[in-house]
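Chemist: Dumping the structure here so I can ask a few things about it.
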Amino acid sequence: MLAVISLLAALALWQNALKARDLARALGHDLCAKAGVQLLDQSVSLAGFGFTRNGDGHLRLRRNYRFEVSIDGHDRHRGSLTMLDGRLRAWSLPVAEAQPVVHGSNVIELPRRLS
């Protein structure tokens, strides 16, 4: 009987971890869209977890996730987010800066020499 209870508890923990990862992926996608960057591979990975006290002083599970983003489609940068109680608590990612619009050519014409 103890083996069955242990197996059910392990399955419940596994299911909880999968739900948290799916939520982290959705949050990461939303954060990237707001920052103007692209979430690469459409995935996040668990970087670590631990216990932290929430605002009420109760111990809760904190999960840290990492993911990669691209600003222009040719680069890779690391992003991260932290969840506590299934809520986003902190995040870090690069923000795409507005590129100046260049009209015409970038060639500078030099004055001609008079011989």
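Residue numbering for the sequence shown follows the working numbering, starting at 1 and increasing by one per position. Beta carbons are placed, not taken as given, at the ideal position from N, Cα and C, and that holds for glycine.
State the Cα-Cα distance for the pair I5 and R66, rounded to the nearest angstrom.
Modeler: Here residue 5 is taken as the residue at index 5 of the sequence shown, counted from 1. Here residue 66 is taken as the residue at index 66 of the sequence shown, counted from 1. Taking the straight line from one Cα to the other gives about 33 Å.
Chemist: Would you grab the beta carbon distance between S80 and A47 for me? Rounded to a whole angstrom, and I think it's under 8 Å.
Modeler: Residue 80 sits at position 80 when you count from the first residue of the sequence shown. Residue 47 sits at position 47 when you count from the first residue of the sequence shown. Between A47 and S80 the Cβ distance is about 7 Å, and since that is below 8 Å, they are a contact.
Chemist: Please tell me whether F51 and N64 are closer than 8 Å, where the distance is taken between their beta carbons.
Modeler: To locate residue 51, count along the sequence shown from 1; it is residue 51. To locate residue 64, count along the sequence shown from 1; it is residue 64. Not closer than 8 Å, so no.
Chemist: Can you give me the C-alpha to C-alpha distance between Q38 and L84, rounded to a whole angstrom?
Modeler: Residue numbering aside, residue 38 sits at position 38 when the sequence shown is read from its first letter. Residue numbering aside, residue 84 sits at position 84 when the sequence shown is read from its first letter. Distance between the alpha carbons of Q38 and L84 is about 24 Å.
Chemist: Got a sec, what are the start and stop residues for the beta strand (DSSP E) G48 sits in?
Modeler: On the sequence shown, position 48 is the one that residue 48 refers to. Counting along the chain, the beta strand (DSSP E) containing G48 begins and ends at 45 to 53.
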